[in-house]
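Residue numbers (the working numbering): 46 to 218.
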């Protein structure tokens, strides 16, 4: 900001503007804008794609086929299904809600943790504690803003509660 004396506006290509020194902008009359909700659906789509790729072992299965191992060693090992499993969503803002709506199509049981129960989350279970959320989940989606308050919210206790078969999809921003 100091190196741009004629700066009039900062446009952040993303949701937040936590990386912008706002007091400097206010002092100089610099306008700041961001793009909330522009990528919500895209991020939710990718989160679900990551879940499917991890649980169904899409990458290793492709490697198996391309390497020719199927001819020498037989079929790729069976994987777990996603449909009918339990999803926990840590952070039910715009992106967390979009993820939950997509997971409903898989017949998943959905629980979430946030500061409090959310309107519009009827049919989903509110669980106030991250460890308890992990205990009741097969897959844990972390959809939180990366702040001092959320730092280390997913820790050894949460991972232990999720168990060795659990899946973590981290899309924190």
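Glycine is no exception: its CB is placed at the ideal position from the N, C-alpha and C atoms.
Check: Residue 100 - DSSP class collapsed to helix/strand/coil; Outcome: helix
Check: Euclidean distance between Cα positions of residue 225 and residue 48; Outcome: Only positions 46 to 218 of the chain appear in this structure, which leaves residue 225 out of reach.
Check: Where the beta strand (DSSP E) through residue 54 begins and ends; Outcome: 54–56
Check: Residue 115 burial status per 10 Å Cβ neighbour count (16 or more: buried); Outcome: exposed
Check: Which residues DSSP lists as bridging residue 178, in chain order; Outcome: None, per the DSSP bridge assignment.
Check: Sequence-distant residues of the same chain with beta carbon closer than 7 Å to residue 52, five excluded per side; Outcome: 46, 75
Check: Burial state of residue 158 (16 or more Cβ within 10 Å); Outcome: buried
Check: Start-to-end residues for the beta strand (DSSP E) that takes in residue 205; Outcome: Per DSSP, residue 205 belongs to no beta strand (DSSP E); it is in the alpha helix (DSSP H), 201–207.
Check: Any non-hydrogen atom of the ligand PLP within 7 Å of residue 210 CB; Outcome: In the structure shown, the ligand PLP is absent, as is every other ligand, since no ligand is present at all.
Check: Beta strand (DSSP E) segments (min. 3 residues) lying fully within the stretch 100–150; Outcome: 131–135
Check: Same chain, Cβ closer than 7 Å to residue 140, neighbours up to 5 away in sequence not counted; Outcome: 85, 88, 89, 188, 216
Check: Residue 72: first and last residue of the uninterrupted alpha helix (DSSP H) it sits in; Outcome: 67–73
Check: Selection from 132, 180, 124 that minimises the alpha carbon distance to residue 186; Outcome: 132
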